[in-house]
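These notes concern the structure reproduced below.
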Amino acid sequence: MKLWGGRFTKETNQLVHNFNESLSFDQKFYHQDIDGSIAHVTMLAKQGIVSNEDKIAIIEGLESIKEDLEEGRLEFTKEHEDIHSFVEANLIARIGEAGKRLHTGRSRNDQVALDMKLYCRDEIDEIDGLIQKLLKVLLGIMEENVDTYMPGFTHLQKAQPITLAHHMGAYFEMFSRDRSRLQDTKNRMNYCPLGSGALAGTTYPLDREYTAQLLGFQGPTLNSMDSVADRDYVIELLSALATISMHLSRFCEEIIIWNTNEYQFVEIDDAYSTGSSIMPQKKNPDIAELVRGKTGRVYGALMSILTTMKGIPLAYNKDMQEDKELTFDAIDTVKGCLALFTGMISTMTFRNDVMENSAKNGFTNATDAADYLVNHGVPFRDAHGIVGQLVLYCIEKEKALDDMTLEEFRAISPVFEDDIYEAISMETCVKKRMTIGAPGQEAMKRVIEIYKGQLED
Ligand code: ARG
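Numbering (the UniProt record's numbering) for the sequence shown: 1 to 457.
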C-alpha cells in the first residue's frame with residue numbers, strides 16, 4: 001500500500017500513521033491531483049519516457065478513478081497516507097504494470113505543490129465570481145439611490161450628508177480592490193512546479209514548458225528548490241481572504257447598527273434574521289454577526305501559515321502539510337460569507353425616509369453654513385467659530401439650523417441673508433459636492449458608469 005515500504009523492516013505505528021496522514025483533508029483536491037497526473041503522463045509519453053500504450057492506459061485509469069469518486073462508487077479509505085498514494089494505489093489496482101510508471105520523474109513534493117496551486121487557482125476564480133455577484137447587487141442599490149440622503153459619519157457621529165449610493169460605492173471600491181488582489185495573486189503564482197522532483201529536478205528529459213502549458217500556467221518555475229518549498233501563494237491568498245473578511249466584517253457592523261431599533265435605517269429580511277428563545281419581540285441580525293465573527297477564523301489561518309513557514313529550511317519539510325486544512329477552511333468560510341452576505345443585502349429593506357430624517361437632524365450641514373460665510377468674505381476660522389455658536393444655540397433651543405429664523409441667524413452674524421436656507425439645504429449640500437468621488441448626483445452617476453464598465457469586463 002505504501003509508496004515507500006522498500007527500505008523499512010517494520011510496520012508504521014498506527015498512531016504515527018494517524019498523525020502523519022493527510023488523506024482525510026487532501027482528498028479535497030483529488031480532481032486537481034488527477035488532472036496534474038494526466039498532464040504529467042501526457043508529457044512523459046511525448047518525450048518517449050513512457051510508451052503511448054501506457055499513457056493511454058494510465059489516462060483511462062485516472063479518468064475512471066475520478067468518475068468513480070464523483071459518482072460515489074469509490075471511497076477514500078484510511079490505509080492510504082495521502083491523496084497521491086490513494087490515486088496511485090488505485091491506478092495500479094485497476095491497470096496493473098503501466099500504473100507503476102506514472103510517478104516517473106516526479107516526487108510527491110512537486111506533486112503536492114502543483115495540486116495546491118491548482119486548487120488555489122480554481123478557488124480564486126470561484127471567489128472572484130462570488131465577489132462579482134456582490135458587486136452587482138451593490139451597483140443595483142447605487143443606481144436606485146443617488147438621491148437617497150443619509151448622514152455620513154466620522155467617529156460614528158453624524159458628519160456631513162451623503163447618499164446611500166455614495167455609501168455603497170465605498171464598499172464597491174473595497175470589493176473591487178479585493179478582486180484585483182486575488183488576480184495579482186493568481187498571476188504571480190501561475191508558474192508550474194511540476195518537474196522539480198523532490199528538490200533537485202530530475203535526470204529525465206522532461207518538457208516542463210509543455211506540462212506547464214497543458215495545465216494553463218504561464219510557464220515552469222525556475223528553481224526546483226523554491227518550487228517545492230514555496231507557499232507564498234497560500235500566504236498571499238489568505239491575506240487577500242483576510243482583507244475580504246475584514247471588508248465584510250466592517251459592512252456587517254454597519255448593518256447591525258443600522259438595523260437596531262435606535263437607527264432603523266434598514267430592516268434585515270425575515271429570511272435572513274433569527275429569533276430569541278425567550279424574548280418574543282426579538283429579531284436578531286445573526287447572519288451579519290456570524291460573518292463578522294468568522295473573520296477571526298480567516299485571520300487565524302493567515303497567522304498560522306505565516307508562523308508555520310517562518311522556520312522551515314529549504315527545501316520540502318513535512319511542516320508544510322499544515323498549509324492545507326486551515327487554507328481550505330478559510331476558502332470555504334469566505335465563500336460562505338460572501339454568498340450569505342450577498343443574499344442578506346439583496347433582500348434588506350432600506351428605510352430611506354428614516355435615513356433622510358437622520359441626515360437632516362444632527363447638524364450635518366454645519367460645514368456648509370461655514371462655507372456660506374467664507375463665500376461672503378469671512379475667514380474660515382472665524383466662520384467655524386460662528387457656526388459653532390449657532391449649533392450651541394440650536395442645541396439649547398432643540399432645533400435644526402434650517403429651522404432658525406433669519407433674525408436668529410443674524411443675531412449671531414449679520415453676514416447671513418435670506419439665501420442661507422437654500423445654501424444649507426441637504427439637497428444643496430450633496431449636489432454641490434460634485435468633484436469625482438464625491439456624493440453629488442452628477443459625480444455619482446459618472447462613477448456608476450465606470451463601475452458598470454468594470455463589471456462588464
Ligand atoms: N501530504 C504531503 C503534504 O501535504 C505531501 C507531500 C509529501 N512528501 C513527502 N516527502 N513526505 O505536504
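Don't be surprised by glycine CBs; every beta carbon is placed ideally from N, CA and C. Predicted model only: the values in this text are computed from it and were never measured.
Under DSSP, Q157 takes part in a beta bridge, and its partners are T154. By the Cβ neighbour-count rule, L326 is buried, with 16 or more other Cβ atoms within 10 Å of its own. Cβ-Cβ separation between V50 and R94: approximately 17 Å, too far for a contact (criterion under 8 Å).
Of E81, L338, E143 and D26, the smallest CA-CA separation from G5 is found for E81. A Cβ-Cβ separation of about 7 Å places E356 in contact with M150 under the 8 Å criterion. Per the Cβ contact rule, the stretch 247-257 is not in contact with the stretch 202-217 (fewer than 3 Cβ pairs under 8 Å). With 16 or more neighbouring CB atoms inside 10 Å of its own CB, E88 falls in the buried class. With fewer than 16 other CB atoms across the displayed protein chains lying within 10 angstroms of its CB, E75 is exposed.
Below 8 Å, enough C-beta pairs join the stretch 165-183 and the stretch 119-137 to call them touching: three or more. In the DSSP annotation of this structure, the continuous segment of the alpha helix (DSSP H) that includes A423 starts and ends at I420 to A423. Spanning the alpha carbons of E322 and G437 requires a straight line of approximately 44 Å. In the DSSP annotation of this structure, F76 is not part of any alpha helix (DSSP H), being labelled neither H nor E. The Cβ neighbour count for H155, taken over all protein chains shown within 10 Å, is under 16; the residue is labelled exposed. The beta-carbon separation of P220 and C252, rounded to 43 Å, does not stay under the 8 Å limit for a contact.
Contact check for S245 against T295 passes: the beta carbons are separated by less than 8 Å. E11 carries a coil assignment under DSSP once its states are collapsed to helix, strand and coil. When the five nearest sequence neighbours on each side are left out, the beta carbons in the same chain lying within less than 8 Å of the beta carbon of F175 are those of I131, L134, L135, L138, I244 and H247, in order along the chain. For N18, the shortest separation between its Cβ and any heavy atom of ligand 1 does not lie below 7 Å.
Using a cutoff of 7 Å, the CB of K324 counts as near ligand 1, since one of the ligand's heavy atoms is closer than that. Within 10 angstroms of the beta-carbon of M279 lie fewer than 16 other beta-carbons, which makes it exposed. Residues of the same chain with a CB within less than 7 Å of the CB of F86, apart from the 5 flanking positions on each side, are L23, F76 and H80 in chain order. About 4 Å separates the CB atoms of L373 and A383; that is less than 8 Å, so the two are in contact. Here the distance from the Cβ of M150 to the nearest heavy atom of ligand 1 is not below 7 Å. A direct Cα-to-Cα measurement between V298 and G311 gives close to 22 Å. V266 has its Cβ no nearer than 7 Å to any heavy atom of ligand 1. Its chain contains N190 and Y191 as the residues whose beta carbon lies nearer than 7 Å to that of Q218, once the 5 sequence neighbours on both sides are disregarded; these appear in chain order. For W258, the enclosing alpha helix (DSSP H) starts and ends at D232 to W258. L164 and D147 have their alpha carbons spaced roughly 8 Å apart. The beta carbon of K294 sits no closer than 7 Å to any heavy atom of ligand 1.
Rounded to whole angstroms, the separation of the alpha carbons of L44 and V291 is 47 Å. Residue pairing by DSSP places P220 opposite C192 in a beta bridge.
Check the Cα spacing between G129 and each of V334, F363 and E427: the tightest is with V334. Ligand 1 approaches K318 closely enough that one of its heavy atoms is under 7 Å from the residue's Cβ. L314 and R231 have their C-alpha atoms roughly 12 Å apart.
For the 8 Å CB-CB criterion, R351 and V266 form a contact. By the neighbour-count definition (other C-beta atoms within 10 Å, threshold 16), V16 is an exposed residue.
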